[in-house]
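Undergrad: In the numbering used here, the protein residues as written are 1206 to 1407.
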Ligand code: ATP
Ligand code: MG
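#1: Taking the C-alpha atoms as reference points, what is the distance between residue 1312 and residue 1348?
#2: Can you tell me the Cα-Cα spacing of residue 1404 and residue 1267, whole angstroms?
#3: Our contact map puts residue 1298 next to residue 1319 with C-beta atoms below 8 Å; I'd like the distance itself, whole angstroms only.
#4: Going by DSSP, name the residue or residues bridged to residue 1369.
#5: Mind listing, in chain order, the residues whose beta carbon lies closer than 7 Å to a non-hydrogen atom of the ligand MG?
#6: Under 8 Å by Cβ, that's how I've got residue 1409 and residue 1371 pegged, so tell me the actual separation to the nearest angstrom.
#7: So the alpha helix (DSSP H) residue 1351 belongs to, where does it begin and stop?
#8: Between the stretch 1391–1405 and the stretch 1251–1265, are three or more C-beta pairs nearer than 8 Å?
#9: Say yes only if the C-beta of residue 1387 is nearer than 8 Å to one or more non-hydrogen atoms of the ligand ATP, and no if none qualify.
#10: Excluding the 5 residues flanking residue 1165 on each side, which residues of the same chain have their C-beta closer than 7 Å to its C-beta?
#11: Run through the DSSP bridge pairs and tell me what residue 1257 is partnered with.
#12: Please state whether DSSP places residue 1385 in a helix, a strand or coil.
#13: Roughly how far, in whole angstroms, is the beta-carbon of residue 1357 from the beta-carbon of residue 1385, given that I think they are within contact range, below 8 Å?
#14: Taking DSSP as the reference, what is the three-state secondary structure of residue 1320?
#15: Is the closest heavy atom of the ligand ATP to the C-beta of residue 1393 under 8 Å?
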């Protein structure tokens, strides 16, 4: 918004509190937007941890390689399986498992286990930005109670920002968000038979 200088709002004290951002909807760009925030955090040397609730995959996407390179640039060690950078980290949750197995109790237990790792990060005040990538799915499937997620986010250290991504965000998550954006599909290359491209999706 381009307000005339005299009308620009002064920054209220409340602006120092951490924000909750939600990127939802069916269109492309939710995880990409979250990664943009991770990049900004890196620039400011703010510790940022992204926890991904995606189906386990051995595939290393561009973002995993980038975080590894950021760490290498800083001469940092790279303990696996999370890729630790000087300030940014991506943790793939549910390693070695596949979401949506035949056994719902197993899925629920796995989701709870993954959530426990998120809850730890949401208590860690050294982490300035927490990205909960695709967390909307385990909530929608009923593996995680929306109430537990909301409570942990509400009780996080003051000043910590949280980014939530995933389709079909539960109303509780939308209510919690300070900023919420719905990515809406106008077109997607997949529909024209164009496969996922390096640097764009991978
Ligand atoms: P991205 O990771 O590309 O920012 P996203 O997080 O918005 O996408 P997801 O719902 O997580 O989207 O989808 C995972 C994959 O599906 C991504 O590779 C993404 O590009 C692709 N995708 C996103 N939206 C669509 C769509 N409308 N039709 C087909 N594929 C899509
Ligand atoms: Mg995504």
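We put the CB at the ideal spot given by N, CA and C, even for glycine.
TA: In short, the structure shows the following:
#1: Distance from the CA of residue 1312 to the CA of residue 1348, rounded to the nearest whole angstrom, comes to 7 Å.
#2: Roughly 6 Å separates the two Cα atoms.
#3: Right, their Cβ atoms sit about 4 Å apart.
#4: In DSSP, residue 1369 forms a bridge with 1227, 1337.
#5: The answer, residue by residue, is 1235, 1236, 1338, 1339, 1370, 1371.
#6: The requested residue 1409 is not part of the displayed model; the chain covers only 1206 to 1407.
#7: 1351–1359 is the span of the alpha helix (DSSP H), which, as asked, contains residue 1351.
#8: Too few Cβ pairs lie closer than 8 Å, so no.
#9: For residue 1387, the shortest C-beta to heavy atom distance toward the ligand ATP is 8 Å or greater.
#10: Because the chain in this structure spans residues 1206 to 1407, residue 1165 falls outside the shown range and cannot be described.
#11: 1297, 1338.
#12: Judged by DSSP in its simplified three-state form, residue 1385 adopts strand.
#13: 19 Å between Cβ atoms; not a contact.
#14: Reduced to three states, the DSSP call for residue 1320 is helix.
#15: Result yes, Cβ under 8 Å from the ligand ATP.
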